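Numbering (the UniProt record's numbering), first residue to last: 34 to 342.
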Ligand code: GLN
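Quick look at the structure:
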């Protein structure tokens with residue numbers, strides 16, 4: 034392969050220091066009350082380089098909930114089990130100008146726009162086979178596999194908080210049930226809440242980014258799930274809708290498949306090169322990490338990482 038980017042700890046800490054104040058321009062999500070407890074100035078920046086080596090700076094041990102980044106893992110599992118055709122017969126490949134929790138297009142075409150917004154993600158998880166919380170357990174096990182981190186678990190307090198307050202998601206779930214897209218009861222929705230509550234670090238996110246950047250090969254070279262079709266699908270969805278209604282502008286400025294979550298994490302895949310994981314919990318108006326975005330942007334500029342160079 035071509036010569037290494039030579040990203041090191043100093044590179045990352047310089048970028049982190051330069052951008053950490055951006056958290057002041059954002060706001061920690063509190064529509065899920067338990068998320069509002071996160072300290073706003075926590076920040077971490079991780080890269081898994083071309084050789085699978087981890088480089089970490091900032092609050093490297095800080096755990097936060099994976100939230101919507103779990104949607105790419107759920108999509109991988111649903112497509113593996115049911116096939117892409119089947120999954121996308123129930124939802125679109127569309128981009129969006131709508132926020133992540135919008136009901137589009139449940140009341141027009143009847144189908145969610147894509148698997149990255151909540152409606153499509155709830156539907157995707159409902160398609161994973163298994164009774165009760167088996168679908169959730171498959172997602173958790175896949176996150177543990179990709180990160181090689183068996184200590185990863187979900188936060189029961191965030192899960193309960195989401196379940197108690199997630200009536201908008203519950204509404205979508207029932208509308209999709211009404212539209213004939215979902216069979217089964219609220220257990221299926223609870224799996225979605227649980228997957229969002231999985232706790233990770235920025236390093237774990239960098240490993241997820243690396244995995245999809247390398248045809249689903251793990252950072253240590255393990256090829257158990259190697260599949261170029263799946264990684265292409267996942268990265269294409271990340272690029273078109275991973276940052277929700279900001280995805281188009283983000284493609285212009287960053288130009289890389291990325292997925293954000295309201296916990297403040299973002300994972301980025303640089304095809305055949307590196308994985309990036311960032312964490313800073315204060316979010317911009319689109320629900321994407323404010324400082325996280327700026328750190329990614331600086332790294333991309335410094336190393337000419339955009340797909341569109
Ligand atoms: N659990 C969150 C929700 O359903 C996930 C949203 C997100 O991370 N954008 O609202």
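Cβ coordinates follow ideal geometry from the N, Cα and C atoms, glycine included. Given the structure is predicted, the values throughout are model-derived calculations rather than measurements.
Based on the DSSP output, what are the partners of residue i in its beta bridges?
i: residue 91; result: 77
i: residue 232; result: 98
i: residue 115; result: None; residue 115 has no bridge partner.
i: residue 61; result: 315
i: residue 187; result: 231
Please classify residue i as buried or exposed, where buried requires at least 16 other C-beta atoms within 10 Å of its C-beta.
i: residue 337; result: exposed
i: residue 211; result: exposed
i: residue 100; result: buried
i: residue 269; result: exposed
i: residue 95; result: buried
i: residue 323; result: buried
i: residue 237; result: buried
i: residue 180; result: buried
i: residue 202; result: buried
i: residue 152; result: buried
i: residue 234; result: buried
i: residue 67; result: buried
i: residue 147; result: buried
i: residue 58; result: exposed
i: residue 190; result: exposed
i: residue 116; result: exposed
Do you know how far the Cα of residue j is from the Cα of residue i?
i: residue 36; j: residue 246; result: 17 Å
i: residue 48; j: residue 339; result: 17 Å
i: residue 342; j: residue 162; result: 41 Å
i: residue 325; j: residue 314; result: 9 Å
i: residue 198; j: residue 244; result: 33 Å
i: residue 292; j: residue 317; result: 14 Å
i: residue 166; j: residue 214; result: 19 Å
i: residue 285; j: residue 331; result: 14 Å
i: residue 119; j: residue 105; result: 17 Å
i: residue 50; j: residue 217; result: 48 Å
i: residue 56; j: residue 241; result: 24 Å
i: residue 333; j: residue 309; result: 10 Å
i: residue 185; j: residue 205; result: 29 Å
i: residue 250; j: residue 102; result: 18 Å
i: residue 131; j: residue 224; result: 24 Å
i: residue 200; j: residue 207; result: 10 Å
i: residue 136; j: residue 127; result: 14 Å
i: residue 183; j: residue 141; result: 43 Å
i: residue 170; j: residue 108; result: 14 Å
i: residue 110; j: residue 69; result: 30 Å
i: residue 305; j: residue 263; result: 15 Å
i: residue 73; j: residue 61; result: 6 Å
i: residue 229; j: residue 290; result: 20 Å
i: residue 156; j: residue 97; result: 24 Å
i: residue 296; j: residue 232; result: 9 Å
i: residue 34; j: residue 53; result: Caution is warranted here: a pLDDT of 48 is assigned to residue 34, below 50, making its placement in the model unreliable, and the coordinate value is therefore given only provisionally. Those two C-alpha atoms are separated by around 33 Å.
i: residue 267; j: residue 172; result: 15 Å
i: residue 275; j: residue 327; result: 16 Å
i: residue 40; j: residue 139; result: 44 Å
i: residue 255; j: residue 154; result: 27 Å
i: residue 81; j: residue 38; result: 11 Å
i: residue 175; j: residue 261; result: 17 Å
i: residue 42; j: residue 164; result: 45 Å
i: residue 252; j: residue 122; result: 33 Å
Is there at least one Cβ from chain D nearer than 8 Å to residue i's Cβ?
i: residue 154; result: Reference to chain D is not applicable here, since this structure consists of a single protein chain.
Is any heavy atom in ligand 2 found nearer than 7 Å to the beta carbon of residue i?
i: residue 82; result: What this structure holds is ligand 1, not ligand 2.
Ranges of the alpha helix (DSSP H) found wholly within the region 136-179, counting only runs of at least 4:
151-159
Considering only residues of the region 287-330, which uninterrupted beta strand (DSSP E) runs meet the minimum length of 3 residues and lie entirely inside it, listed in chain order?
291-293, 298-302, 308-312
Residues around ligand 1, please: the condition is that the C-beta lies closer than 6 Å to some non-hydrogen atom of it.
100, 101, 133, 134, 151, 195, 202, 229, 294, 295, 320
Counting only runs that start and end within the region 200-260, where is the alpha helix (DSSP H) found for 4 or more residues in a row?
200-211, 220-229, 235-246
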